[in-house]
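Note sheet for the following structure.
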Amino acid sequence: MPHIKVNEDLPGIRSLMAFSPETAAPMGELANLLLRTNEGLTMAERELIATYVSHLNDCFYCRYSHGAIVTCYLNDDNELVDEVIKDLAQAPVSDKLKALLIIAGSVQKGGRYVTSDQVEAAKQAGASDKEIHDTVLIAAAFCMFNRYVDGLASKTPTDLSSYPLRARQIAEKGYGNHIFTNKQPVADEQQA
122 MPHIKVNEDL
132 PGIRSLMAFS
142 PETAAPMGEL
152 ANLLLRTNEG
162 LTMAERELIA
172 TYVSHLNDCF
182 YCRYSHGAIV
192 TCYLNDDNEL
202 VDEVIKDLAQ
212 APVSDKLKAL
222 LIIAGSVQKG
232 GRYVTSDQVE
242 AAKQAGASDK
252 EIHDTVLIAA
262 AFCMFNRYVD
272 GLASKTPTDL
282 SSYPLRARQI
292 AEKGYGNHIF
302 TNKQPVADEQ
312 QA
């Protein structure tokens, strides 16, 4: 049960954004800036960083929400997300992305856990300064988003079938007010 009175028909961060539209707007803008570009990192890679950090923070809602968005970008193939979560070292992603995910994992523990050796390894694997910057900022932002969702005990659906429907909307429209002003899609509406 949420710690504050929110619209419980809106799961996760959506209820918190509806509760406080004045903070929702800049948070949505930040999410779009960080996650809705293919500059350097692809949108799928950016969402994968968000998913990985959310997993490390044990934020069920954000892990499955953003994992479902990655899956949308990968033509509904969710195996990659599961493999990265299960065993990053063996996951079928580039050495560059592995190095960036290691940096993201260090940010999740605390900014000072990022080491010069980790940054150098990412650069040696082909990461640009911009990609390293964006990885750190995505990881830091998702620590905030995860703590926002869990710190206010937002309603978290455990039915994993509900996540892909909203993920498809975000993959198509991005982040913004539609996240908390539009009702949760249901399977029948998606087919219509």
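Read left to right, the sequence shown gives residues 122 to 313 (the numbering used here). Ideal Cβ positions, reconstructed from N, Cα and C, are used throughout, including at glycine. Note that the structure is a prediction, hence the values are computed from the model and not measured.
Residue i versus residue j - alpha carbon distance
i           : j           : result
residue 154 : residue 122 : 31 Å
residue 148 : residue 270 : 13 Å
residue 236 : residue 222 : 13 Å
residue 263 : residue 138 : 15 Å
residue 192 : residue 198 : 5 Å
residue 140 : residue 238 : 42 Å
residue 180 : residue 135 : 15 Å
residue 163 : residue 277 : 28 Å
residue 201 : residue 167 : 14 Å
residue 287 : residue 261 : 23 Å
residue 206 : residue 165 : 15 Å
residue 282 : residue 244 : 38 Å
residue 231 : residue 242 : 19 Å
residue 220 : residue 129 : 38 Å
residue 285 : residue 268 : 22 Å
residue 152 : residue 158 : 10 Å
residue 131 : residue 233 : 35 Å
residue 227 : residue 240 : 11 Å
residue 213 : residue 196 : 16 Å
Residue i, buried or exposed, once every other Cβ within 10 Å from all chains shown has been counted against 16
i           : result
residue 125 : exposed
residue 110 : With the chain covering only 122 through 313, there is no way to say anything about residue 110.
residue 229 : buried
residue 146 : exposed
residue 186 : buried
residue 143 : exposed
residue 210 : exposed
Proximity to residue i [Cα-Cα], best of the options
i           : options               : result
residue 352 : 201, 130, 264 and 218 : Because the chain spans 122 through 313 in this model, residue 352 falls outside it and cannot be assessed.
residue 176 : 136, 165, 197 and 203 : 203
residue 127 : 273, 294, 150 and 290 : 273
residue 178 : 283, 290, 266 and 258 : 266
residue 183 : 259, 215 and 160      : 259
residue 296 : 231, 150 and 280      : 150
residue 160 : 292, 249 and 173      : 249
residue 216 : 227, 208, 247 and 195 : 247
residue 156 : 279, 196 and 257      : 257
Beta-carbon spacing of residue i, residue j below 8 Å
i           : j           : result
residue 190 : residue 225 : no
residue 188 : residue 275 : no
residue 194 : residue 292 : yes
Any chain C beta carbon closer than 8 Å to residue i
i           : result
residue 261 : No chain C is present in this structure, which holds just one protein chain.
Contact test: residue i Cβ vs the ligand FMN heavy atom, cutoff 7 Å
i           : result
residue 169 : As far as ligands go, the structure on display features none, and thus does not contain the ligand FMN.
Q. What residue ranges within the stretch 189-273 form continuous alpha helix (DSSP H) runs of no fewer than 4 residues, ordered along the chain?
A. 200-207, 216-230, 237-245 and 250-272
Q) Fully enclosed by the stretch 160-187, which alpha helix (DSSP H) runs are 4 residues long or longer? A) 164-177
Q | 4-residue-minimum alpha helix (DSSP H) runs that sit fully inside the stretch 137-162, ordered along the chain | A | 142-156
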